[in-house]
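Residue numbering for the sequence shown follows the working numbering, starting at 1012 and increasing by one per position.
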Amino acid sequence: MHRRDLVRGLALAPLAGAPWIGRARGSGYPARPISIVNGYAPGGSTDVSARLVAQALSAEFNGAATVVENRAGASGTLASDWLRRQPADGYTLMLSESSSFAIWPTMHVEGTRYRPLEDFTWIAMVCTSPMVLIVSPDFPARNLAETLDVLRSPRSESLAFSSSGAGSIPHIGCELLRHALGPGAKSPHIPYRGGAPAVLSVAKGETAWGVASLGSAAGLIEGRMVRALAMTSPTRFPQFPDVPTFVESGVPEMELNIHYLLHGPAGLPAPVVAPLAAATARGILKAGLKERFIGAGMEAWAGDNTPAVAQARVETELRRFKAVAARTGIRISG
């Protein structure tokens, strides 16, 4: 299945089982439609993963309507700030990734209005995705080694890179690569409002390169509209076995997976959190859906999956990016 067909199908799938007559096993929840907020533009990896979660929850809750609402802006932080002010009733949730819950709070010069650990209830892990270094079809290098040489040379000043927004994890990935390459790497940054438009800008030649989530870039890589040169995962990704990792290519600083988590406002009651966490953990690993994550450039979370595990992941990511900021001096503004 092509990725664009996956996105189109997922937009309709959560409503297929309406009306929302389902109930969690042994619980009165849900009694009305559940909304999952995506803080990025439609079509990117966060949007696709949110729709896959919506499909999983709808199936686990016996056809309960679960819809995705897009609230793009500021690398998911606008949606996060909005979410913390919503009722803690389990009907307004969010699918977040590392940018909004770990990078902005630790690396933005002004921080965020919300506190990742105190202002949200972390429900479950959803999936992970590597990032991938992509270049335009006419980029003046044939492979990773040549590309890195170009990006550390004076030519880099004319080779802009794209990201899904200032402070997004793809933006930090690009900054980490520039830091690893040294002071000669001077490519300017052009931020976009989401992963899909950022990757498309590379395909169209508006920007020369970028580090994008594989979920956002997979379709254009398969369509040969951009070239994939290296993955940020520790091992090669099964969907693209011929693309090497940065680690095996001698750039260990670029090992950087994206983690996607489901959460809600602080104070979600246990009778809501428990069925949501269990339904998410079960649903994302069901036959068919697990493969759709892979097809979209992501891997459904297959390890222990409880609210405590999700909370611990947030704590780990906060420590990690605080250390990255201290080591590299990278800061986000704007």
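Just so you know, even glycine gets a beta-carbon here, dropped at the ideal spot from N, CA and C.
In its own chain, which residues sit with a C-beta less than 8 angstroms from the C-beta of residue i, not counting the 5 before and 5 after it?
i	result
residue 1325	1112, 1113, 1127, 1128, 1133, 1272
residue 1082	1048, 1049, 1050, 1089, 1090, 1093
residue 1160	1152
residue 1120	1342, 1343, 1344
residue 1241	1143, 1144, 1155, 1254, 1255, 1256, 1257, 1260, 1262, 1265
residue 1276	1094, 1095, 1096, 1097, 1098, 1099, 1103, 1130, 1131, 1132
residue 1158	1144, 1146, 1150, 1152, 1220, 1240
residue 1167	1161, 1195, 1196, 1197, 1198
residue 1297	1067, 1070
residue 1193	1163
Do residue j and residue i come within 7 angstroms of each other at the CB atom, strictly closer than that value?
i	j	result
residue 1222	residue 1184	yes
residue 1065	residue 1077	yes
residue 1228	residue 1059	no
residue 1056	residue 1206	yes
residue 1162	residue 1196	yes
residue 1116	residue 1244	no
residue 1151	residue 1171	no
residue 1316	residue 1292	yes
residue 1304	residue 1118	no
residue 1290	residue 1071	yes
residue 1135	residue 1321	yes
residue 1080	residue 1110	no
Does residue i come out as helix, strand or coil in the three-state DSSP assignment?
i	result
residue 1153	coil
residue 1080	strand
residue 1312	coil
residue 1254	coil
residue 1332	helix
residue 1175	coil
residue 1222	strand
residue 1036	The pLDDT assigned to residue 1036 is 48, lower than 50, so where the model puts this residue is not dependable; a value taken from the coordinates is nonetheless given after this. Three-state result, residue 1036: coil.
residue 1343	strand
residue 1158	helix
residue 1325	helix
residue 1135	strand
residue 1318	helix
residue 1041	coil
residue 1165	helix
residue 1202	strand
Take residue i and list the residues in its own chain whose beta-carbon comes closer than 6 angstroms to its own, dropping the five residues that flank it on each side.
i	result
residue 1346	The structure shown does not extend to residue 1346, since the chain is modelled only from 1012 to 1345, so the question has no answer here.
residue 1190	1339
residue 1139	1268, 1270, 1310
residue 1204	1052, 1083
residue 1100	none
residue 1210	1223, 1227, 1228, 1231
residue 1182	1174
residue 1036	Low per-residue confidence applies at residue 1036: pLDDT is 48, beneath 50, and the placement is therefore not dependable enough to give any value.
residue 1236	1214
residue 1238	1146
residue 1283	1040, 1101
residue 1032	No answer about residue 1032 holds up, because its pLDDT of 36 lies below 50 and its placement is not dependable.
residue 1248	1141, 1242
Would you give the residue range spanned by the alpha helix (DSSP H) that residue i belongs to?
i	result
residue 1180	1180-1192
residue 1114	Segment: none, residue 1114 is in no alpha helix (DSSP H) and carries neither H nor E.
residue 1294	1281-1294
residue 1306	1300-1306
residue 1057	1056-1071
residue 1103	Run containing residue 1103: none in the alpha helix (DSSP H); it sits in the beta strand (DSSP E), 1103-1108.
residue 1046	Run containing residue 1046: none in the alpha helix (DSSP H); it sits in the beta strand (DSSP E), 1045-1049.
residue 1208	1206-1214
residue 1091	1088-1094
For the putative contact between residue i and residue j, defined by C-beta atoms under 8 angstroms, what is the C-beta separation to the nearest angstrom?
i	j	result
residue 1201	residue 1108	Between residue 1108 and residue 1201 the Cβ distance is about 21 angstroms, and since that is not below 8 angstroms, they are no contact.
residue 1177	residue 1054	The pair is not a contact, with the Cβ atoms about 19 angstroms apart (cut-off 8 angstroms).
residue 1106	residue 1061	4 angstroms
residue 1286	residue 1040	6 angstroms
residue 1300	residue 1063	6 angstroms
Ends of the beta strand (DSSP E) at residue i?
i	result
residue 1239	1238-1242
residue 1275	1269-1276
residue 1143	1142-1146
For residue i, which residues in the same chain have their Cβ closer than 7 angstroms to its Cβ, ignoring the five residues on either side in sequence?
i	result
residue 1208	1052
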